[in-house]
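Asker:
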């Protein structure tokens, strides 16, 4: 009898894991994502008649959606505003698809989010001004889109951020001295945009940096000598800007530096005519 009871308990535990139930609100948000990105034509589609635990790329923990990974899955459409209802979502990867439209402001309500990967899509418009609400975000990976405008001031509040990859977009404006707030950054990549102005000396305070890529913009002035503080730096790419002078040897001789590119061949870029405030 004791053995039967134990087996029964194990069976109940197994079924509760195998058929984890999420709230109707969360399920509805997933269905919205499916419908708004042409789910029927995904490479790995969802059978909406089956339990959510069987849906490709969806991870459920404690009866709540904690991860969505639909990378390279032929999503075509836009991100629905109902994404905000996935309150416990920690990882969202929709990279390498054909998603267009703006990144919805509602995505900034996902305060449990740790990684946001939307690279290699057709996203446009500006970043949500409240992106800084994602206080637990560690990775913001948006390269190869059509995102424009200045970096929101609130982005400098993402103090847990380790990777900020914004390359190959249409960003303009300057890097502010507040960049030093992002003290956990290991990768800062904004190459191939329309950014301009001087490089803030405070970049030298980001001592965890391993990669700094600023090439193909309109940055100008001297490369600050404070970059010599970046003892962990392995990649430094500064080419095709409007810098003056040379890069100090103390930077070129950083102990871990493997890739160093610096030459000036400025290109013509149409930049925003908004008023620029440099702090």
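Numbering (this note's numbering), first residue to last: 31 to 309.
Glycine included, C-beta positions come from ideal geometry on N, C-alpha and C.
Just so we're clear, the structure is a prediction, and the values are computed from it rather than from any experiment.
In three-state DSSP terms, what is residue 131?
Answerer: Counted from its first residue, the chain shown places residue 131 at position 101. Coil at residue 131, not helix or strand.
Asker: With three or more beta-carbon pairs closer than 8 Å as the criterion, would you say the stretch 268-281 touches the stretch 244-258?
Answerer: As far as the Cβ criterion goes, the stretch 268-281 touches the stretch 244-258, which means the pair count is three or higher.
Asker: Mind the definition here: the stretch 81-96 touches the stretch 146-163 only if three or more C-beta pairs lie below 8 Å; say whether that holds.
Answerer: Touching, no, given that fewer than three Cβ pairs across the two stretches are closer than 8 Å.
Asker: Under three-state DSSP, which class holds residue 247?
Answerer: For the purposes of this step, residue 247 is taken as residue 217 along the chain shown, with counting starting at 1. Correct three-state label for residue 247: coil.
Asker: Measure from the alpha carbon of residue 59 to the alpha carbon of each residue in 176, 140, 114, then state which is nearest.
Answerer: Position 29 of the chain shown, counting from 1, holds the residue named residue 59. Per the Cα distances, 114.
Asker: What does the alpha-carbon distance come out to for the pair residue 140 and residue 159?
Answerer: Residue mapping note: residue 140 aligns to position 110 of the chain shown, counting from 1. Residue mapping note: residue 159 aligns to position 129 of the chain shown, counting from 1. About 14 Å.
Asker: Going by other Cβ atoms of all chains shown within 10 Å of its Cβ, with 16 needed for buried, is residue 70 buried or exposed?
Answerer: Position 40 of the chain shown, counted from the start, is the residue given in the question as residue 70. Residue 70 is exposed by the Cβ-count criterion.
Asker: Does residue 228 come out as helix, strand or coil in the three-state DSSP assignment?
Answerer: Counted from its first residue, the chain shown places residue 228 at position 198. Reduced to three states, the DSSP call for residue 228 is strand.
Asker: Which ranges does the beta strand (DSSP E) cover as unbroken runs of at least 3 residues, wholly within the stretch 98-176, from first to last along the chain?
Answerer: Taking only runs of at least 3 residues, the beta strand (DSSP E) segments lying wholly in the stretch 98-176 are 121-123, 145-147, 154-156, 169-171.
Asker: Whole angstroms are fine: how far does the CA of residue 240 sit from the CA of residue 262?
Answerer: Working through the chain shown from its first residue, we reach residue 262 at position 232. Working through the chain shown from its first residue, we reach residue 240 at position 210. The straight-line gap from Cα to Cα measures roughly 5 Å.
Asker: Whose C-beta lies closer than 6 Å to the C-beta of residue 280 among residues of the same chain, with five residues either side of it excluded?
Answerer: Position 250 of the chain shown, counting from 1, holds the residue named residue 280. Excluding sequence neighbours, residue 280 sits near 258.
Asker: Have a look at residue 315 and residue 51 and give me their C-alpha separation to the nearest angstrom.
Answerer: Residue 315 falls outside the range modelled here, since the chain spans only 31 to 309, and no answer is possible.
Asker: Reducing DSSP to helix, strand and coil, say where residue 52 ends up.
Answerer: As a position in the chain shown, residue 52 is number 22, starting the count at 1. Residue 52: coil per DSSP, three-state reduction.
Asker: Would the beta-carbon of residue 189 be found less than 8 Å away from any heavy atom of the ligand FAD?
Answerer: Although the ligand FAD was asked about, the structure shown includes no ligands whatsoever.
Asker: How long is the line joining the alpha carbons of residue 227 and residue 205, rounded to whole angstroms?
Answerer: The residue labelled residue 227 in the question sits at position 197 within the chain shown. The residue labelled residue 205 in the question sits at position 175 within the chain shown. Their Cα atoms are separated by approximately 8 Å.
Asker: I'd like to know whether the C-beta of residue 282 is nearer than 9 Å to at least one C-beta of chain C.
Answerer: The chain labelled as chain C is not found in the depicted structure, where only one protein chain is given.
Asker: Roughly how many angstroms separate the alpha carbons of residue 116 and residue 179, rounded to a whole number?
Answerer: On the chain shown, position 86 is the one that residue 116 refers to. On the chain shown, position 149 is the one that residue 179 refers to. Answer to the nearest angstrom: the Cα atoms are 28 Å apart.
Asker: Does DSSP classify residue 294 as helix, strand or coil?
Answerer: Residue 294 sits at position 264 when you count from the first residue of the chain shown. In the structure shown, residue 294 sits in coil (DSSP, three-state: anything other than H, G, I, E or B).
Asker: Could you give the distance in angstroms between the alpha-carbon of residue 194 and the alpha-carbon of residue 220?
Answerer: Taking the first residue of the chain shown as 1, we reach residue 194 at position 164. Taking the first residue of the chain shown as 1, we reach residue 220 at position 190. C-alpha separation (whole angstroms): 8 Å.
Asker: In the DSSP assignment, the beta strand (DSSP E) including residue 202 goes from what residue to what residue?
Answerer: Locating residue 202 in the chain shown gives position 172, where the first residue counts as 1. Residues 200-203.
Asker: In this structure, what does DSSP give as the bridge partners for residue 178?
Answerer: The sequence position of residue 178 within the chain shown is 148, counting from 1. The partner list for residue 178 (beta bridge, DSSP) reads 156, 200.
Asker: Per DSSP, which residues does residue 193 bridge with? Please list them.
Answerer: As a position in the chain shown, residue 193 is number 163, starting the count at 1. Answer is 169, 217.
Asker: Assign residue 174 to one of two classes, buried (16 or more other C-beta atoms within 10 Å of its C-beta) or exposed (fewer than that).
Answerer: In the chain shown, residue 174 corresponds to position 144, counting from 1. Buried, since its Cβ has 16 or more Cβ neighbours within 10 Å.
Asker: Quick one: residues in its chain with C-beta nearer than 6 Å to the C-beta of residue 111, no 5 flanking neighbours on either side, listed in chain order?
Answerer: Position 81 of the chain shown, counted from the first residue, corresponds to residue 111. The answer, listed in chain order, is 134, 136.
Asker: If we ignore side chains and look at the alpha-carbon of each, how far apart do residue 157 and residue 200 end up?
Answerer: Position 127 of the chain shown, counting from 1, holds the residue named residue 157. Position 170 of the chain shown, counting from 1, holds the residue named residue 200. Each residue's Cα considered, the two are about 11 Å apart.
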